[in-house]
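*Asks:* In this note's numbering, the protein residues as written are 146 to 272. C-beta atoms are modelled at their ideal positions from N, C-alpha and C, and glycine is treated no differently. Sharing a structure below in structure tokens format, with a few things to ask.
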């Protein structure tokens, strides 16, 4: 089954690039959002398996959005992305409810699969 993804980023060009990369790699991008409020609405409306979530959003940061999503019924897997390096966030990524982190420059369907799978975990799929 194909994992369903929502992409959340305030930069439309990145959302477009991510959509193309992930779609070509076997993911089904079912929605996009440009801010935290839009992310919460999209997840509630679309019930994705995975949320690719930018850390720096105009209203809420990705850590806050991930925390809210973790409390949702059938919570999606959240993977944080940023143009900044993982080290810039210190221990915040490890302490967050997100499954992991990918630098935007390293995004591919393979890196997303690796992060959401984690050791011994299957890639989540609806259905």
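How do the region 165-174 and the region 214-222 stand: do at least 3 beta-carbon pairs fall below 8 Å, yes or no?
*Replies:* Taking 8 Å as the limit for Cβ pairs, the verdict is that the region 214-222 does not touch the region 165-174.
*Asks:* For a minimum of 3 consecutive residues, which ranges assigned as the beta strand (DSSP E) are wholly contained in the region 207-249?
*Replies:* Within the region 207-249, the complete beta strand (DSSP E) runs of at least 3 residues are 222-227 and 245-248.
*Asks:* Taking 6 Å as the limit between beta carbons, can you name the residues of its chain near residue 243, skipping five residues before and five after?
*Replies:* Here the set comprises 211, 223 and 225.
*Asks:* Can the beta-carbon of residue 170 be found closer than 9 Å to that of residue 258?
*Replies:* Contact: yes.
*Asks:* Determine the extent of the beta strand (DSSP E) in which residue 153 is found, giving its start and end residues.
*Replies:* Per DSSP, residue 153 belongs to the beta strand (DSSP E) from 149-153.
*Asks:* Work out the CA separation of residue 245 and residue 185 for me, nearest whole Å.
*Replies:* Each residue's Cα considered, the two are about 19 Å apart.
*Asks:* For residue 180, tell me which candidate among 256, 204 and 193 has the shortest Cα-Cα distance.
*Replies:* It is 204 whose Cα lies nearest to the Cα of residue 180.
*Asks:* Alpha carbon to alpha carbon, how far is residue 202 from residue 148?
*Replies:* Their Cα atoms are separated by approximately 24 Å.
*Asks:* Can you tell me whether DSSP reads residue 178 as helix, strand or coil?
*Replies:* Residue 178 falls in the strand class under three-state DSSP.
*Asks:* In chain order, what residues of the same chain lie with their CB nearer than 7 Å to the CB of residue 174, ignoring the 5 residues before and after it?
*Replies:* So the list reads 150, 152, 164, 167 and 168, once near-sequence residues are dropped.
*Asks:* Once DSSP output is grouped into helix, strand and coil, what is the label at residue 200?
*Replies:* Reduced to three states, the DSSP call for residue 200 is coil.
*Asks:* Please report the distance separating the alpha-carbon of residue 228 from that of residue 213.
*Replies:* Whole-angstrom Cα-Cα distance: 23 Å.
*Asks:* Report the option in 251, 252 and 206 whose CA atom is closest to the CA atom of residue 238.
*Replies:* Considering only alpha carbons, the answer is 206.
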